[in-house]
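**Q** Structure in structure tokens, see below.
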Amino acid sequence: MATEVVRRNRPGTKKVDFYNWPDQDFNDMETTLAVQQYIQQLIRKDYKDVEAILDPPPVQDEASWKYEHLRQFCNELNSLTVCLLEECDPLVCKQMTATEQWIFLCAAHRQPKECSALDYTLHTLHGAASLLNSNKHFPSRVSIKENSAQKLSSVARRIYRIFSHAYCHHRTLFNDFEEKTYLCKRFTRYVIKYDLMTTDNLIVPLSVLDLEGEKEGEKKEEEGETTEGQGESKAEEEEEGEKSQEQPAESSQ
223 MATEVVRRNR PGTKKVDFYN WPDQDFNDME TTLAVQQYIQ QLIRKDYKDV
273 EAILDPPPVQ DEASWKYEHL RQFCNELNSL TVCLLEECDP LVCKQMTATE
323 QWIFLCAAHR QPKECSALDY TLHTLHGAAS LLNSNKHFPS RVSIKENSAQ
373 KLSSVARRIY RIFSHAYCHH RTLFNDFEEK TYLCKRFTRY VIKYDLMTTD
423 NLIVPLSVLD LEGEKEGEKK EEEGETTEGQ GESKAEEEEE GEKSQEQPAE
473 SSQ
């Protein structure tokens, strides 16, 4: 009689033995968390193989695939945030900036306002987690409604700013983290592959991520589409309560 494989880290498991079980075929994952488990399995197998990680299994619903990937990105961005805690001083990075031209307002407040880069990062990840775990917008992780799927682009655009700030203002930290995770490369390929952002909105150079040959997918509808520096569309601003403002960045940043 075959021994049942227990796919969990038991209490007391050493770090070196984490996830020490055979890979499982996606079709054999009989759980509502199958997509999440499959994505995490692919990352553990080879985090550098971005295309394999982003390529959905046959007949997999695209909306739920994009949704689960975005949840995973938010989860992994917590690790980058921990790294930023040691370096991103609120007294130095007083505003959420990427390039020297744009200051991003934080939508976590009753009225959008400037936050330190670290607070913006924490508020943005908390807001993304709240939305992606909302029973109102995402009552099921198996089937995603079309109007809910449309919110994924907004979440992606916001959390991308965390990568942008780290790249522009904490380059060594960014490079070290990226070498260990390929997270920004995977995220950038993800938003291009699934048309969640345009390449005009991407601040981290594609050449840095070895993605210079990437092409945009189908063009987004003109309605509601603007460049990052020009702020979100009116509809998105009303929904999100945020926009970008053109101001000189602090010299200390």
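In the numbering used here, the protein residues as written are 223 to 475.
For every residue, glycine included, the Cβ atom is placed at its ideal position computed from N, Cα and C.
Along the chain, where does the beta strand (DSSP E) that runs through isoleucine 325 open and close?
**A** 324 to 326
**Q** For lysine 335, list the residues DSSP reports as bridge partners.
**A** Within the DSSP bridge table, the entry for lysine 335 names Cys328 as partners.
**Q** Would you list, in sequence order, the uninterrupted beta strand (DSSP E) runs of no fewer than 3 residues that lie entirely inside the segment 341 to 415?
**A** none
**Q** Determine the DSSP secondary structure at threonine 421, reduced to helix, strand or coil.
**A** helix
**Q** DSSP three-state call for glycine 234: helix, strand or coil?
**A** coil
**Q** In whole angstroms, give me the CA-to-CA distance for serine 429 and alanine 351.
**A** 30 Å
**Q** So, is histidine 392 buried or exposed, given that buried needs 16 or more other C-beta atoms within 10 angstroms?
**A** buried
**Q** Alanine 274 lies in the alpha helix (DSSP H); which residues open and close that run?
**A** 272 to 276
**Q** Within 10 Å of its beta-carbon, does histidine 387 have 16 or more other beta-carbons around it, so buried, or fewer, so exposed?
**A** Per the 10 Å Cβ criterion, buried.
**Q** Using a threshold of 8 Å, state whether the C-beta atoms of threonine 343 and threonine 303 are closer than that.
**A** yes
**Q** Near lysine 441, what residues of its chain come up, given a Cβ to Cβ distance below 7 Å and the 5 sequence neighbours on each side ignored?
**A** With a pLDDT of only 42 at lysine 441, under 50, the local geometry of the prediction cannot be trusted, and the value read off the model is given with reservation. Result list for lysine 441: empty, nothing under 7 Å.
**Q** Got a sec? Which residues, its chain only, sit under 8 Å from glutamate 368 by beta carbon, not counting five neighbours each side?
**A** Short of 8 Å from the beta carbon of glutamate 368, and not among the five residues preceding or following it, lie these beta carbons of its own chain, in chain order: Ala285.
**Q** Whose C-alpha, out of Lys237, Trp287, Gln259, is nearest the C-alpha of arginine 229?
**A** Gln259
**Q** Indicate whether the contact test is met: 3 or more Cβ pairs, each with one atom in the segment 249 to 267 and one in the segment 314 to 328, closer than 8 Å.
**A** no
**Q** Apply the 10 Å Cβ neighbour rule to glutamate 400 and answer buried if 16 or more other Cβ atoms are within range, or exposed otherwise.
**A** buried
**Q** If you draw a straight line from the alpha carbon of histidine 348 to that of lysine 267, how long is it in whole angstroms?
**A** Roughly 28 Å between the two C-alpha positions.
**Q** Counting C-beta neighbours from all protein chains within 10 Å, is the total for valine 364 16 or more, i.e. buried, or is it exposed?
**A** Classification for valine 364: exposed.
**Q** Is it the case that the Cβ atoms of cysteine 310 and isoleucine 381 are separated by a distance below 8 Å?
**A** Pairing cysteine 310 with isoleucine 381 gives a Cβ-Cβ distance that is not under 8 Å.
**Q** State the Cα-Cα distance for the pair aspartate 422 and tyrosine 412, rounded to the nearest angstrom.
**A** 15 Å
**Q** Going by the DSSP bridge assignment, what does methionine 318 pair with across the sheet?
**A** DSSP lists Phe326 as partners of methionine 318.
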